[in-house]
Structure formats: C-alpha cells, structure tokens
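Everything below concerns the one structure shown next.
Chains as they are written, first to last, in UniProt numbering: chain W, 1 to 250; chain P, 1 to 232.
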C-alpha cells in the first residue's frame, strides 16, 4: 500500500537520509524510533513532500512519485493520500476548532458546507471536544489542540496518517489521552506511520518498528524483535539509555 | 483685522473645495501601491531571479531618495526619456504623473509590510494546509492571506496616513489639490491671513487622518473579535 525505495535526502553537503526502504501494508502501524538527528522526522516529512527528497521512489496507493522527476500535480496528488499530525499541532490559527476540521473537507474534498460540518462534528465528538467546537486554537490547551489536530487528519479519511512526535510537546498528563486516541484509531484499521519516543506505546500498538540512526535504518522488524531483543549494538545502546533515564530526579 | 468664526468656516470651506482631488490622489495611488506592494513582496519572497535583484534596487532607490525628487524625476524625466523612443506623453494630465510617483513610492514600503506579515504567519501554517491536501493558491487564499492581513493592517494604516500627507507635494508640479489651493488663496490675498489659512489646512489634514485611523482600528477590532487573541 505504501512503499519507499532507496530514498535519499541532502541538506547541502549533509547526507541526512541514506537510502531508506520501507513497506507498509494496509492497516499496519509502523513506529519509527531513534535518537534526535537520526533523520526520522525528515523521512516522515518526505512522505507528503513537506521535505523534498533528492532521490528515490515513494508510492502511496496508486500514486507513485520519483524524486528525480516530479511535477507539481504529482506532489499534490501524493499529499492527498496522507494527512499529518504535527508535533506543535499546527492548527489553522484563523479558524475555530470545527473549521479546522472542515477546511480540508470543503477545499480539498469539495464537500458541501452542511455535510462537512456534520462530519467535522462527528470527529470532534470522537476526540471528546464537541463542546469546544467554536474555540480558536489560542483558546485551547496543548492537549486539546492536538486532539483537534488528530481529528483534522482523520476527517480527511486518508490512506495513511503520519504522526510526527505527536506527544512530545504535551504535558505528561495529556500524553496518555493522545496515545489512547491513537491506539483507538489503530484498532480501527487505519494505516499509520508514527515517529515517537514512546517506546512502550510502540511496543503495544505497532506492527512494525524501525530504528533509525544517522540517516539509515539500523534495524527493522516486529516490536518484539527490535525493542525487546535488538540485534545491533546501536539499537541496544539507544534503548538502554531510554530505560535508564528516570522520568524525573528529585 | 479681526477673524471671526464665519471667516474660519469659509476658509476651511475653500480648502475643502479641493478635498475630492486630494482623496482621489490618495485612493487611486493607494490602490496601485497595494498592487505593486503585493507583486514586489511576491517577487522577493519567492526570490525570482533577475526580478528579485531589480526589486531590491527599486526598494533601495525609493527609500533613499526624497519623494519630491522622485516626483520631479517622474514628471520631467519620464516624458523626456520616452521622447527618445518617439513616444510623446507631454500632454498627459499631471494627475497621472503624481499617481505614478506616489504608487511607486508607497508600493515600495507596502511591499516590505506585506512581506514581513507573510513571514510572520509562519511556514507551519502553510505546511498544515499542505497536509490536508491544499494547493499553494488555496493555502494562500484560505490560510496565509487572512492571517497576514491582520498582521499587516496597523503598518499598512500608517503608510496610508503617510501617503495622505505626501499628496500635499502634488502642488510642486502645479496641481491644485488642497495644498495648491492654499497657496493660490495666499497669492490672491497678497499674503494676508497666511497663518490662518495654514491652520485651516492643518486641521483638515488632521481630521482626515483621525478618520482613517478610526476606520482601521474598527477593522482591527472586528478581526480581533473573530480570531480571538493574536499571540499563541
């Protein structure tokens, strides 16, 4: 359903993605873990061309794009296959909660206003924010904003939802809520690619885990293989450090 | 000589006779300045080769030379320049030359206002629009421009007021706007009542500025209500 072949990305002289290959099947959840600067977010952003890769192929559903030969139309088509949940939420600041969800439905999906509103309302209800429908992003808390962000992504009914560290900017008490919503979405069969530092969540929800370091995939497999019995030293070191670090020190 | 209330009213009335021309200069120039401002801002944001460099030179020139010099350059210079190519525009109305000058002048400043407002909205809003499948133009229309407009409004308002005051330079090439009218009256009266007439025109300009400011803050407040607070 989604496949990436030999994806390369350079920032100037820095080789940030060194030939990434990934296959994700329909309904599968892929978690990408790795230290910061490993290129995992860049990789995710290449999936909808917020970052332009230099070489390689990306294909989602029937849309295939070759990085060395792209047209604006292809990029537009590729973007319509996915939607994204951002680390800093990135809600439209000039739109209310419900308008944030409706926007893509009206503009991209050409849905009539009434229908878009009904649908948006149902997604608001799903993330438990029906009563905040007319609040602007500046009036919402971080956790609420992210829930709207997820509702916005869901409403587009994309082939795949891309999550870019969706809980990293949240208060610890909100993290659980967001993860619960994500688990719910995964259980309903949505294809998801999640860049995350929540190892526990990845272990419980993901079908496939990738460990990235320095622009390449070091290890790939089931959560059990990568997170519990890693083969490579780099993976082991990364996981050990995560497990050692206490949440807080008094 | 005593100066009664009736005299004041009649004098302000005489100055106001030319208000339509001053306002026409203001609004026509402002319209073209906004168009130029948007085009230049776009060129500089997108860094379009050649045009980008030309725009930078134009901005630098406009900001570094006095407006009155620019006015003379346009009024005396362009007809001569075009005459070399066999085009005669000497019969064109002065109004056209004044509007060209003021549009170019204010357009330069507005382009910087528009550019910085667009940048202030932030790339994340554009990315969010892309992430729900919008095209660049759709993102501009629905997300970027409405937000940039709010940011630009106070500064654009200041430049509008600046432009209004600048129109008083039109008299230097012989246009009889409000300022030209004042000089005309002074000439007719052999300089008598000079102080009073300048007070009168100052009051007229002042009042127009207050009206412009009020309109802008009205728009600002209505937008504020709509988008709640600006900061995040």
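Beta carbons are placed, not taken as given, at the ideal position from N, Cα and C, and that holds for glycine.
Neighbours of residue 83 of chain W across chain P, judged by C-beta separation under 9 Å: 131, 132 and 133.
Residue 31 of chain W is bridged by DSSP to W:194 and W:209. Excluding the 5 residues flanking it on each side, residue 202 of chain W has same chain C-beta neighbours closer than 8 Å at 31, 33, 194, 196, 209, 223 and 227, in chain order. Around residue 43 of chain P, the same chain offers 51, 52 and 55 as residues with beta carbons nearer than 7 Å, after the five sequence neighbours per side are excluded.
At least one CB atom of chain P sits nearer than 9 Å to the CB of residue 153 of chain W. Annotation: the continuous alpha helix (DSSP H) that includes residue 154 of chain W extends over 142-155. Contact with chain W is absent for residue 46 of chain P, since none of that chain's Cβ atoms lies less than 9 Å from the residue's Cβ.
Taking a C-beta distance under 9 Å as the contact criterion, residue 106 of chain P and residue 180 of chain P do not qualify as a contact pair.
Exposed is the label assigned to residue 80 of chain P, since fewer than 16 other Cβ atoms lie within 10 Å of its Cβ. Per DSSP, the unbroken alpha helix (DSSP H) holding residue 25 of chain P starts and ends at 19-46. Close CB contacts of residue 160 of chain P within its chain, under the 7 Å cut and outside five residues either way in sequence, are with 30 and 212 (chain order). Neighbourhood of residue 107 of chain W in chain P, by CB distance below 7 Å: 134, 138 and 142, in chain order. With a 10 Å radius around the Cβ and a threshold of 16 neighbouring Cβ atoms, residue 166 of chain P comes out buried.
At least 9 Å separates the CB of residue 152 of chain P from every CB of chain W. Looking only at W:191, W:81 and W:70, the smallest Cα-Cα distance to residue 56 of chain W is reached by W:70. Annotated three-state conformation of residue 66 of chain W is strand, per DSSP. Listed by position along chain W, the residues whose Cβ is nearer than 7 Å to that of residue 127 of chain P are 50 and 90. The C-beta of residue 76 of chain W comes closer than 9 Å to at least one C-beta of chain P. Cβ neighbours of residue 153 of chain W within its own chain (closer than 6 Å, five residues either side excluded): 83, 85 and 161. The beta carbon of residue 130 of chain W sits closer than 8 Å to those of 121 and 124, all from its chain and outside the five residues before and after it, given in chain order. Within the segment 68-114 of chain P, the runs of alpha helix (DSSP H) at least 4 residues long that lie entirely inside it are, in chain order, 78-84. Per the DSSP secondary-structure output, residue 163 of chain W pairs in a beta bridge with W:85 and W:194. Proximity of chain P to residue 113 of chain W at the Cβ level (cut-off 8 Å) is not reached, the minimal Cβ distance being about 14 Å. At least one C-beta of chain W is nearer than 9 Å to the C-beta of residue 147 of chain P. Taken through DSSP and simplified to helix, strand or coil, residue 131 of chain W comes out as helix.
The C-beta of residue 174 of chain W comes no closer than 9 Å to any C-beta of chain P.
Contact annotation: residue 182 of chain W and residue 166 of chain W have beta-carbon atoms nearer than 9 Å. Here residue 110 of chain W is exposed. Its C-beta has fewer than 16 other C-beta atoms within 10 Å. From the beta-carbon of residue 80 of chain W, the residues of chain P found nearer than 8 Å are 133.
For residue 23 of chain W, the closest Cβ of chain P is not nearer than 9 Å.
Checking the DSSP bridge columns, you'll see residue 228 of chain W has no partner listed.
Under the 9 Å criterion on CB atoms, residue 156 of chain W is classed as interfacial with respect to chain P.
Bridge pairing for residue 216 of chain W: W:213 [DSSP]. Residue 118 of chain P places its beta carbon 9 Å or farther from that of residue 5 of chain P. No Cβ of chain W is located within less than 9 Å of the beta carbon of residue 166 of chain P.
DSSP, reduced to helix, strand and coil, places residue 10 of chain W within a strand of the structure shown.
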